[in-house]
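Have a look at the structure below before the remarks.
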Amino acid sequence: MISNGLFGMLVFVLTEAMLFAGFISAFTIVKASAPVWPPPDQPRLPVEATAFNTVMLMISGALILVAHRAFRRGDREAMRRPLWAALGFGTFFIIFQGFEWMQLITQGLTMTSSTLGGFFYVIVGIHAMHAIGALVLLGYACLRLERGFLSPSLFGAAEALWLFVVGVWPFVYGVVYL
0 MISNGLFGML
10 VFVLTEAMLF
20 AGFISAFTIV
30 KASAPVWPPP
40 DQPRLPVEAT
50 AFNTVMLMIS
60 GALILVAHRA
70 FRRGDREAMR
80 RPLWAALGFG
90 TFFIIFQGFE
100 WMQLITQGLT
110 MTSSTLGGFF
120 YVIVGIHAMH
130 AIGALVLLGY
140 ACLRLERGFL
150 SPSLFGAAEA
160 LWLFVVGVWP
170 FVYGVVYL
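If you're matching positions, the sequence shown starts at 0 in numbering that gives the first Met the number 0 and goes up one per residue.
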């Protein structure tokens, strides 16, 4: 039986998937119809550095799955390290993105500098907001685990949201950065 918390999170994730699909589709159409892309007067997106950051996010997703297996076995002790590590790798991802944004802004890529800038900050920004929200939920799950009160409903919701954040990123990276 699926818990109410997990069910609610899955409904939320499905609606958010549609949000990302809409923005990514709009970006793809604008990009395909532009005579020159990216705009010549804009800085290039840091493809290689963000590829490294993408690997960090994927590691975080794999760690959540390791924590999930331990949780299913009822082995809360074996769950502790991968859950905290997933939170750490996810936090690294967000901090890295923040530095990337600061660098791009100083190079002239802003919300109003071009269509690329507008779409970049909206799409990547929405992803960052979801990631921050998911990290808060993961952090709460970590604290509940430490206190011995992590419920299946809370962990299921945190896991579903984090796996959504991890799973949607390759599409964002592939469409926006490449």
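The C-beta atom is built at its ideal place from N, Cα and C for all residues, glycine as well.
Since residue i and residue j should fall inside the 8 Å C-beta cutoff, what is the C-beta to C-beta distance between them, to a whole number of angstroms?
i                : j                 : result
serine 59        : alanine 85        : 5 Å
glutamate 99     : proline 45        : 6 Å
phenylalanine 26 : phenylalanine 118 : 5 Å
tyrosine 172     : threonine 53      : 5 Å
Less than 8 Å between the C-beta atoms of residue i and residue j, yes or no?
i                : j                 : result
methionine 55    : phenylalanine 92  : yes
valine 164       : alanine 140       : no
leucine 115      : methionine 8      : no
glycine 4        : alanine 133       : no
phenylalanine 70 : phenylalanine 148 : no
glutamine 106    : proline 42        : yes
What span of residues does the alpha helix (DSSP H) with residue i cover, start to end?
i             : result
methionine 57 : 46-72
methionine 8  : 3-32
tyrosine 172  : That residue, tyrosine 172, is in no alpha helix (DSSP H); it is neither H nor E in DSSP.
arginine 79   : 75-105
glycine 147   : Premise fails: glycine 147 is in no alpha helix (DSSP H) and is neither H nor E.
Using a Cβ-Cβ cut-off of 8 Å (strictly less than) and excluding sequence neighbours within five positions of residue i, which residues of its own chain qualify?
i                : result
glycine 82       : Rather than glycine, the amino acid found at residue 82 in this sequence is leucine. If we look at leucine 82 and ignore the five residues flanking it on each side, its Cβ neighbours are Leu62, Ile63, Ala66, Leu137, Ala140, Cys141 and Leu144.
phenylalanine 22 : Phe118, Val121, Ile122 and Ile125
Could you give the distance in angstroms between the alpha-carbon of residue i and the alpha-carbon of residue j?
i                 : j               : result
phenylalanine 51  : methionine 57   : 10 Å
phenylalanine 170 : tyrosine 176    : 10 Å
threonine 49      : isoleucine 104  : 16 Å
isoleucine 94     : methionine 101  : 11 Å
leucine 162       : glutamate 47    : 23 Å
threonine 68      : phenylalanine 6 : Before going on, a small fix: residue 68 reads as arginine here, not threonine. If you take the alpha carbons of arginine 68 and phenylalanine 6, they lie about 20 Å apart.
arginine 75       : glutamate 15    : 30 Å
alanine 33        : valine 135      : 39 Å
proline 39        : methionine 110  : 16 Å
arginine 146      : valine 10       : 29 Å
Which residues in the same chain as residue i place their Cβ atom closer than 6 Å to its Cβ, once the five residues preceding and following it in sequence are excluded?
i           : result
lysine 30   : Trp36
valine 167  : Phe19
glycine 88  : One point to set straight first is that residue 88 is phenylalanine, not glycine, in the sequence displayed. Taken in chain order, the residues that qualify are Met55, Ile58 and Ser59.
glycine 73  : none
alanine 77  : Ala69
leucine 108 : Gln41, Pro42 and Gly116
With 8 Å as the threshold, decide whether the Cβ of residue i is near any Cβ in chain C.
i                : result
phenylalanine 22 : The structure shown has no chain C; it contains just one protein chain.
Sorted by chain position, which residues of the same chain lie with C-beta nearer than 7 Å to residue i's C-beta, five sequence neighbours on each side aside?
i          : result
valine 174 : Ile23, Phe26 and Thr27
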